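Those letters in the sequence shown? Residues -20 to -1, 1 to 582, per mature numbering (1 follows the signal peptide of the UniProt record, and there is no 0), in order.
We put the CB at the ideal spot given by N, CA and C, even for glycine.
Since we're looking at a predicted model, the values are computed, not measured.
Contents: one structure, followed by commentary.
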Amino acid sequence: MRRTQVLLTALLALAGSVLADNIKLQQVDRKISLNSQFVRISETVKVKNVGSSAVSEVILCESLGGDAVLSFYKVVETSSKHALAVSPTTVADAPAEVACYSVKLANPLPAGETVGLTVTAVLANAQMPYPAEITQTDTQLMLYKGNVYVLSPYSVSSQTTEVALPSSTVKSYTEEKPVSKVDNKIKYGKYDLVKPFAVKELSVHFENNKPFKHVLTYVKEIEVSHWGNIYVEGKYEIKNAGAKHTGSFSRLKYGHMYNGKANSFRDLRAVLPSSAHSMYYVDLIGNISTSNVRKSLASTVLDFDLRYPLMGGWKVDFTIGYSVPLAGFLTSTKGGQRRLTMDLSSPLEDVFIEDMVVRVVLPEGSANIKASLPYDMEQSFDIKYTYLDTTGRPVLVLHKQNIAAPEHAAKFSVDYDFNKVHILREPLLLVGVFFALFVAVIAYNRMEFTITRDEKWEAARSKEVLATYMEQIQALLEDEATVLAGLTRATNQVRDAADVDAAQREKANVEKRLKDLEEKVKPLLLAVESRSVRVAAQVRDVLEKTRSLQGRYYKQLADRIDLVKKGTGMSEVSRKLAPGQDALNAAKRELEGLTTTVFGAY
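What follows is the structure, encoded as structure tokens:
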């Protein structure tokens, strides 16, 4: 087995060597743009077949360093503008951190002929914050590392590289002669007769205050309703992937430094279809009103502000939703299928999406679902249940990582079969439910559910209810007794003219509380009367004697106040009030006996 692996490795190396001997890159002009969070590379390559037979494939490579990922890669034949098919491949003797692609030419390249290719590559995470942490007032410096020479399995006759920077502030850069720097551009080369996979590190340390908008997760759900609308909702988790913010944060400083002077960002822009309506923008807290919508014939632009500015390392979650009519998005194919055509990627501008999931929710009953995609994506199926669903709605789930805007901005389509009868499923279900409800109501009204009650049970039930009312009245009478006891204490505390005002205030308070208690007794007495007129009459007797007792309490207080005002001594006051106190105590005992007689049975 090991011998076989060694043999295959040797054959691949031999094939690569033969291929490298047949092809030479006559001229490569490379432009590296570091003007945003991405590294955008554009290469104009002139390929020559120096072998003796035609070749149909060419291998092109890109340098990757650190955490860099190749988000987008496209090769176009320069003369015809025809996009060529590319597929990942491995090349023997290729250095580490290199991505190579096999490019299939539109037509085999004869011996001695040349063909021009235009390569577009977009790298994410290729710029590293250096330093990794900055304060609010610091400028953001980034470090980019690549290769001075174009990495290729072929020898390169002549090549140049131009690095475009967002500003002219450059801390350091690799000086591989010939090299020149003019304003915000650094030009390397030209370099002649460069060997295959020649390595010389290209390092540029420069100022880049552009915001690094990284969408960690993006879940887009497109729900189709044949009743007139398509609902689109996107859930975002976005992070500022620039240099991490350290130290305190000042809104005052932020207000002065904004407008491009800091690496933070707060405002975002989403470009939606021109027919978009019913837009909303919410985060975990709720709706956010700081947004603006501008409509044109080509698009609907939604400008919105985050709840707080995103400094380096900060992140936030939010949701954008809108609706579009079926017209212009849902059509019929010649084969009788329905075809949904929508934007595939995020509507946000200038963002890098690390993980994207697109869920296409089709109407219940859809079948034979097939997607036509502009680039490779993982596909799976799911089921979603919503209102009035029985079998659930089929969901096409698309998944892709490392999405760059705007390079990945494209439309996709989904074809599916849908029987028009299914559109009536939910209305018929509603009609059936309401019909069943009406039938049930009619049946209920026509049926007799009355159960004859026993007279003893009725009497016991009435007595139980009456007892409840009596207990409530008795509790209120006990509260009245407690209030009158307080009046007694106030009466005994009147010893001289200085105590009179306090006693009068206590009397007023007692009168108010007793009145409130009497108001609570009235509805209970009426309820008792509805159950038993005899018992209600007994309760009224108790209430009459209670009022009479209250009058005796008031008279005792008034007599004591009169005696105190006249300067009568306390012993004389007690002697003169003794007959009234005896009468009050007798009335109190009489009331207690009557109360026990009336309420004792309950």
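- In the DSSP annotation of this structure, the continuous segment of the beta strand (DSSP E) that includes residue 323 starts and ends at 318 to 323.
- Per DSSP, the unbroken beta strand (DSSP E) holding residue 193 starts and ends at 193 to 205.
- Taking every protein chain shown into account, the CB of residue 379 has fewer than 16 other CB atoms within 10 angstroms, so this residue is exposed.
- Contact between residue 189 and residue 119 is confirmed by a C-beta separation of about 6 Å, below the 8 Å threshold.
- Assigned with DSSP and collapsed to three states, residue 359 falls in strand.
- Between the C-alpha atoms of residue 341 and residue 207 there is a straight-line separation of about 14 Å.
- For residue 526, the closest alpha carbon among the candidates 301, 494, 489 is that of 494.
- The DSSP-derived three-state label of residue 234 is helix.
- Around residue 579, the same chain offers 450, 454 as residues with beta carbons nearer than 7 Å, after the five sequence neighbours per side are excluded.
- The bridge partners DSSP lists for residue 141 are 10, 168.
- In the displayed model, residue 2 falls within a helix according to three-state DSSP.
- C-alpha of residue 373 to C-alpha of residue 391: approximately 23 Å in a straight line.
- Bounds of the beta strand (DSSP E) holding residue 347 are 347 to 352.
- One thing to note: residue 54 has its Cβ no nearer than 8 Å to the Cβ of residue 28.
- Distance from the CA atom of residue 356 to the CA atom of residue 381, rounded to whole angstroms, is 10 Å.
- Sequence-distant partners of residue 479 (beyond 5 residues in either direction) whose C-beta falls short of 7 Å from its own C-beta, in its chain, are 473.
- Residue 381 is bridged by DSSP to 335.
- Contact between the stretch 278 to 295 and the stretch 246 to 258 is present: three or more C-beta pairs spanning the two stretches fall below 8 Å.
- By the criterion of a C-beta distance shorter than 7 Å, residue 50 is surrounded in its chain by 42, 44, 79, 101, 103, once the five residues flanking it on both sides are discounted.
- Shown here for residue 308: same chain residues with a beta carbon closer than 7 Å to its own, the five before and five after excluded, namely 255 in chain order.
- Annotation for residue 39: the continuous beta strand (DSSP E) segment containing it runs 35 to 43.
- C-alpha of residue 19 to C-alpha of residue 160: approximately 20 Å in a straight line.
- Just so you know, the alpha carbons of residue 223 and residue 122 end up roughly 8 Å apart.
- It is roughly 21 Å from the alpha-carbon of residue 553 to the alpha-carbon of residue 464.
- Boundaries of the beta strand (DSSP E) around residue 281: 279 to 290.
- Taking the Cα of residue 112 as reference, the smallest distance to any Cα among 193, 175, 221 is reached at 221.
- For residue 126, the enclosing beta strand (DSSP E) has its first and last residue at 121 to 127.
- With contacts defined as CB atoms closer than 8 Å, residue 557 and residue 569 fail to qualify as a contacting pair.
- Judged by DSSP secondary structure, residue 551 falls within the alpha helix (DSSP H) whose first and last residues are 550 to 579.
- Measuring C-alpha to C-alpha distances from residue 475 to each of 542, 560, 232 identifies 542 as the nearest.
- In this model, residue 30 and residue 124 are separated by some 35 Å (Cα to Cα).
- Secondary structure note for residue 210: its beta strand (DSSP E) is the uninterrupted segment 209 to 220.
- For residue 51, no alpha helix (DSSP H) run applies; the uninterrupted beta strand (DSSP E) run containing it begins and ends at 49 to 57, by DSSP.
- The Cβ atoms of residue 278 and residue 325 lie no closer than 8 Å to each other.
- Beta bridge pairing from DSSP links residue 108 with 123.
- Just so you know, the alpha carbons of residue 482 and residue 462 end up roughly 19 Å apart.
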